[in-house]
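Here this note's numbering is used: the first residue of the sequence shown is 101, the next is one more, and so on. We treat Cβ as the ideally placed atom computed from N, Cα and C, and that holds for glycine. Model, not experiment: these values are computed from the prediction. Heads up: the structure comes next, in structure tokens.
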Amino acid sequence: MTSRADSVSYRPDIDGLRALAVAAVVLYHIDEKLLPGGFAGVDVFFVISGYVVTGSMLRTVTSSASADVLFFWRRRLLRIIPALIAFVFGATLLSALFLTPYPAVQYSGALRTGIAALFGVGN
């Protein structure tokens, strides 16, 4: 008999679907004539992510739902924050090197966008 942790293991097929969803969006952004409707890959990616996140949370179920959610978000933030900071720092550095301060609107717009991205309010 398998436990719940054993039955929910790595699924390469899920990674393949996720890769197809990303490829659809990339092709759509390159030229929408290459794959009309490729933007639907975003929806597919979100559905797959929901499946993966739910599976992750179910593997760590304890007696306290609030502790489960806090544990999940702590793990997620510890994994994502370093990459986010490195990316925003790199993008800021490249912007400073390649965007001219004049017109000031372009430069300040890039800075505002970077700050918004750092705090997750870019959209």
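Asked: Contacts around Ala210, its chain only, beta-carbon distance under 7 Å, and the 5 residues preceding and following it disregarded; Found: Ser195, Leu199
Asked: Residues of its chain near Ala216, where Cβ-Cβ distance is below 7 Å and the 5 sequence neighbours each way are ignored; Found: Gly222
Asked: Backbone secondary structure at Phe139 - three-state DSSP; Found: coil
Asked: For Ile114, the nearest candidate out of Ala167, Thr213, Phe146 (CA to CA); Found: Phe146
Asked: CA-to-CA distance, Arg212 to Val153, given in whole angstroms; Found: 31 Å
Asked: Buried versus exposed call for Gly141 [16 or more other C-beta atoms within 10 Å across all chains shown]; Found: buried
Asked: Buried versus exposed call for Ala124 [16 or more other C-beta atoms within 10 Å across all chains shown]; Found: buried
Asked: His129: CB within 7 Å of a non-hydrogen atom of the ligand ADP; Found: Only the bare structure without any ligand can be found here, which leaves the ligand ADP out of the picture.
Asked: Best match in Arg175, Ser156, Leu127 for proximity to Tyr110 [C-alpha to C-alpha]; Found: Ser156
Asked: From Ser164, Leu218, Tyr128, Arg118, residue whose alpha carbon lies closest to that of Leu177; Found: Leu218
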